[in-house]
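Chemist:
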Amino acid sequence: MKAFVLLCLLLPFAALAQSVALQGMMGNRALLIIDGSAPRGVAPGDAHQGVRVLSTTGDEAVVEIGGKRHTLRVGDAPASVGGSGPRGGNRIVLTAGSGGHFFSQGAINGRAAQFMVDTGATAVSMGLPDARRLGVPYESGQRIQMGTANGVVPAWLVRLDSVRVGDVEVFGVEGIVSQQPMPYVLLGNSFLARFQMKRDNDQMVLERRY
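If you want this note's numbering, it's the position in the sequence shown, counting the first as 1, plus 987.
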């Protein structure tokens, strides 16, 4: 299988975090994704990048940012928690890693998803486990065949209510659900075609067209 290099969406720095998502729990530590960074385990009473964890229980964590409390749940879309996000919600900035891949944290239908930009994919594509976790009604979609590195597998053509990357949200996006599990949700051309794409060395900028 093709090797992937994890990379994060870069957002403008601010005194407070732009977005915080709870990826999971590690003992009593909350695995926080702050401004698209790699997950960091933070124990109750400790703080990271201005986010203090007050308590953890089950799949929830109560955090404090700038004196305000927020309850985060595993699987929810990243919460905007202060500062100002990318202006206008029309611009996405990504930076590539040594493998040249672009990754970002975002959401599908309001639920957290990890994307990998794939200009060769015709649509936003995901495996069956991700579709179930994201609540995508794939069974009502159109049955198709999807070519993969391991051959042709059954798939479903679906309509995603919304796809969000950073502060940019697009509605009514064509998606493909593969019966075969996939390590990431591929951010394909059904999303990318709505943006003007510019690449300068290891940086990619997507400017919304419509």
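Every residue gets a Cβ at the ideal spot worked out from N, C-alpha and C, and that includes glycine.
Smallest Cα separation from Gly962: which of His1088, Gly1114 and Asp1117?
Modeler: Since the first and last residues shown for the chain are 988 and 1197, residue 962 lies out of range.
Chemist: Using alpha carbons as the reference points, say which of Val1145, His1057 and Lys1055 lies closest to Gly1159.
Modeler: In the sequence shown, counting from the first residue as 1, residue 1159 sits at position 172. The shortest Cα separation from Gly1159 among Val1145, His1057 and Lys1055 belongs to Val1145.
Chemist: For chain B, is any of its Cβ atoms less than 9 Å away from the one on Leu1041?
Modeler: Considering every chain present, this structure includes no chain B. It has just one protein chain.
Chemist: Please classify Arg1151 as buried or exposed, where buried requires at least 16 other C-beta atoms within 10 Å of its C-beta.
Modeler: The residue you call residue 1151 lines up with position 164 of the sequence shown. With 16 or more Cβ atoms within 10 Å of its Cβ, Arg1151 is classed as buried.
Chemist: Mapping DSSP to helix, strand and coil, what is Arg1120?
Modeler: In the sequence shown, residue 1120 corresponds to position 133, counting from 1. In this structure, Arg1120 counts as helix in the three-state DSSP scheme.
Chemist: Report the partner residues of Gln1190 according to the DSSP bridge assignment.
Modeler: Your numbering for residue 1190 matches position 203 in the sequence shown. BP columns for Gln1190 point to Thr1082 and Asp1187.
Chemist: Tell me the DSSP bridge mates of His1088?
Modeler: Indexing the sequence shown from 1 puts residue 1088 at position 101. Beta-bridge pairing links His1088 to no other residue.
Chemist: By alpha-carbon positions, which one of Ile1163, Ile1021, Val1007 and Ser1091 ends up nearest to Arg1119?
Modeler: Taking the sequence shown and counting its residues from 1, the one referred to as residue 1119 is at position 132. Checking every option, the nearest Cα to that of Arg1119 belongs to Ile1163.
Chemist: Since I believe Leu1019 is in contact with Leu1038 (beta carbons under 8 Å), could you give me their beta-carbon distance rounded to a whole number of angstroms?
Modeler: Within the sequence shown, residue 1038 is the residue found at index 51, counting from 1. Within the sequence shown, residue 1019 is the residue found at index 32, counting from 1. As written in the sequence, residue 1038 is Val, which differs from the Leu given in the question. The pair is a contact, with the Cβ atoms about 6 Å apart (cut-off 8 Å).
Chemist: What's the gap between the Cα of Leu1147 and the Cα of Asn1096?
Modeler: As a first step, residue 1147 must be located in the sequence shown, where it is residue number 160. As a first step, residue 1096 must be located in the sequence shown, where it is residue number 109. Leu1147 and Asn1096: Cα-Cα distance of roughly 7 Å.
Chemist: Buried or exposed: which applies to Ala1099, given that a residue is buried once 16 or more other Cβ atoms fall within 10 Å of its Cβ?
Modeler: Translated into the one-based positions of the sequence shown, residue 1099 becomes position 112. Ala1099 comes out buried.
Chemist: In the DSSP assignment, find the beta strand (DSSP E) that holds Ser1042 and state where it starts and stops.
Modeler: The sequence position of residue 1042 within the sequence shown is 55, counting from 1. It spans Val1038 to Thr1044 - the beta strand (DSSP E) in which Ser1042 sits, taken as one unbroken run.
Chemist: Please classify Gln1092: is it buried, with 16 or more other beta-carbons within 10 angstroms of its beta-carbon, or exposed?
Modeler: Reading the sequence shown from its first residue, position 105 is the one you call residue 1092. Buried, since its Cβ has 16 or more Cβ neighbours within 10 Å.
Chemist: Could you pull the DSSP bridge partners for Arg1196 from this structure?
Modeler: Here residue 1196 refers to the residue found at position 209 of the sequence shown. Arg1196 pairs with nothing; no bridge assigned.
Chemist: Closest to Gly1032 by C-alpha separation, out of Ser1165, Pro1026 and Thr1043, would be which residue?
Modeler: Within the sequence shown, numbered from 1, the residue matching residue 1032 stands at position 45. Checked all of Ser1165, Pro1026 and Thr1043; the closest Cα to Gly1032 is Thr1043.
Chemist: Tell me, please, which residues DSSP counts as bridged to Met1012.
Modeler: Locating residue 1012 in the sequence shown gives position 25, where the first residue counts as 1. Its beta-bridge partners are Ala1017.
Chemist: Going by C-alpha distance, which of Val1140, Val1139, Ile1079 and Val1157 is nearest Val1111?
Modeler: On the sequence shown, residue 1111 is found 124 positions in, with the first residue counted as 1. Nearest C-alpha to Val1111: Val1157.
Chemist: Grab me the residues of Arg1056's own chain with a C-beta within less than 8 Å of its C-beta, minus the 5 sequence neighbours each way, in chain order.
Modeler: Stepping through the sequence shown from its first residue, residue 1056 is reached at position 69. For Arg1056, where only same-chain residues beyond five positions count, the Cβ hits under 8 Å are Leu1041, Val1049 and Val1050.
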